[in-house]
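As you go down the protein sequences, you meet chains V and H in turn. For the first sequence, counting from 1, position 56 maps to 84 in my numbering; every step adds exactly one. For the second sequence, counting from 1, position 61 maps to 89 in my numbering; every step adds exactly one. Glycine included, each C-beta is placed from N, C-alpha and C at the ideal position. Notes follow the structure.
2 protein chains.
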Amino acid sequence: MDQVEIFKALSNKARLQILNWLKDPEVHFPEQAEAGFANGVCVGRIQEKVGLTQSTVSEYLTSLQRAGLITATRTGQWTYYKRNEETFAALSKLIQTDI
Amino acid sequence: MDQVEIFKALSNKARLQILNWLKDPEVHFPEQAEAGFANGVCVGRIQEKVGLTQSTVSEYLTSLQRAGLITATRTGQWTYYKRNEETFAALSKLIQTDI
DNA sequence: TTGGCATATCGGGAAAAACCGATATATATT
DNA sequence: AATATATATCGGTTTTTCCCGATATGCCAA
């Protein structure tokens, strides 16, 4: 759990927005309903919603993943990303105790 | 409470270190014991401990202050900085609910 | 095997952050 | 008034971040 890496990942409006959307995928990504949300949301859906290029969104998701804030699941040609709530819980606690 | 500004302020090892030292000023800044710690620790003490230049430390403290993580009190020629625990508590809660 | 779609990676330009040294400002002392 | 001390601000160099377009890779369908 690299604190600086986590805070850097959180230091961007678009990435915070994505994390927020991933809290309620069924609300924010209804287009993906038929595929289900068990593994999260795929890159393309996030990209069209956030309005940045595909490469930028892919990089942002990778950085969130490296920070441990989301996890990736590859299924066929899609990569699904979902929040890793354990990290958020740990971070919340860390701010109360360590920082 | 600007989330991005807070996370940016926290995205740096030296600034995290300073915040951590300020949790226990009497432990980490015993040189300042006679002046007391009611208003925190003055810039010079922090600077010599963190080992960066005076200008850098001053800027770092200002950025932490802008983020609401510390408060400044000017007394004579010294500026004392101390943690603003309310912001830390709010941030911890914010991570549980908003992010 | 060819083509199409989803994602990742690469190379780069512009903007911001990480520092620094020099200088300015404010307060205190003599 | 002159000097000293503490901090803030300014100007600059280097590194990092923010994005992009182009290209590569991996999977699937025809």
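Looking at Leu-50 of chain H and Ile-98 of chain H, is the spacing between their C-beta atoms short of 8 Å? Against a cut-off of 8 Å, the Cβ pair of Leu-50 of chain H and Ile-98 of chain H comes out as a contact.
In the DSSP output, what is Ile-98 of chain V paired with across the bridge? Ile-98 of chain V pairs with V:Arg-111.
Here's a check: name, in chain order, each residue in its chain whose Cβ is nearer than 6 Å to the Cβ of Phe-56 of chain H, leaving out the five neighbours to either side. Before going on, a small fix: residue 56 of chain H reads as His here, not Phe. In its chain, beyond the 5 residues on either side, Trp-49 have a beta carbon closer than 6 Å to the beta carbon of His-56 of chain H.
Apart from the five residues just before and just after Ala-37 of chain H, which ones in its own chain have a Cβ nearer than 8 Å to its Cβ? Cβ within range, chain order: Arg-43, Ser-91, Leu-92, Arg-94, Ala-95, Leu-97.
Could you check if Thr-125 of chain V is buried or exposed, using at least 16 other CB atoms within 10 Å of its CB as the buried criterion? Label assigned to Thr-125 of chain V: exposed.
Which whole-angstrom value is the C-beta distance of Val-78 of chain V and Tyr-109 of chain V, which I expect to be below 8 Å? The pair is not a contact, with the Cβ atoms about 12 Å apart (cut-off 8 Å).
From this set, V:Asn-67, V:Glu-54, V:Ile-34, which residue's C-alpha is nearest Arg-111 of chain V's C-alpha? The candidate whose alpha carbon is nearest that of Arg-111 of chain V is V:Asn-67.
With a 10 Å radius around its C-beta and 16 neighbouring C-beta atoms as the bar for buried, classify Pro-53 of chain V as buried or exposed. Pro-53 of chain V sits buried, since 16 or more C-beta atoms from the chains shown fall within 10 Å of its C-beta.
Kindly say whether Ile-123 of chain H, judged by its beta-carbon, lies nearer than 8 Å to any beta-carbon of chain V. For Ile-123 of chain H, the answer is yes, since a Cβ of chain V falls inside 8 Å of its Cβ.
Segments assigned alpha helix (DSSP H), at least 4 residues, entirely inside the segment 47-87 of chain H: Entirely contained in the segment 47-87 of chain H, the alpha helix (DSSP H) runs reaching 4 residues are, in chain order, 53-56, 71-78.
Using a Cβ cut-off of 9 Å, which residues of the segment 31-61 of chain V contact any Cβ in chain H, in chain order? Residues passing the 9 Å Cβ filter: Gln-31, Val-32, Glu-33, Ile-34, Phe-35, Lys-36, Ala-37, Leu-38, Ser-39, Asn-40, Lys-41, Leu-44, Leu-47, Asn-48, Lys-51.
Whose Cβ in chain V lies nearer than 8 Å to the Cβ of Leu-119 of chain H? Those are Ile-123, listed as they occur along chain V.
For Ile-127 of chain H and Lys-121 of chain V, what's the separation of their Cα atoms in angstroms? Distance from the CA atom of Ile-127 of chain H to the CA atom of Lys-121 of chain V, rounded to whole angstroms, is 14 Å.
Name the two residues that bound the continuous alpha helix (DSSP H) containing Ile-34 of chain H. That run of the alpha helix (DSSP H) goes 31-38.
Use the C-beta contact count for Arg-102 of chain H: other C-beta atoms within 10 angstroms, 16 or more gives buried, fewer gives exposed. Under this definition Arg-102 of chain H is an exposed residue.
Tell me the rounded alpha-carbon separation between Ser-83 of chain V and Leu-89 of chain V. Taking the straight line joining both Cα atoms gives about 10 Å.
State yes or no: is the C-beta of Thr-107 of chain V within less than 8 Å of the C-beta of Val-71 of chain V? Taking 8 Å as the Cβ cut-off, Thr-107 of chain V and Val-71 of chain V qualify as a contacting pair.
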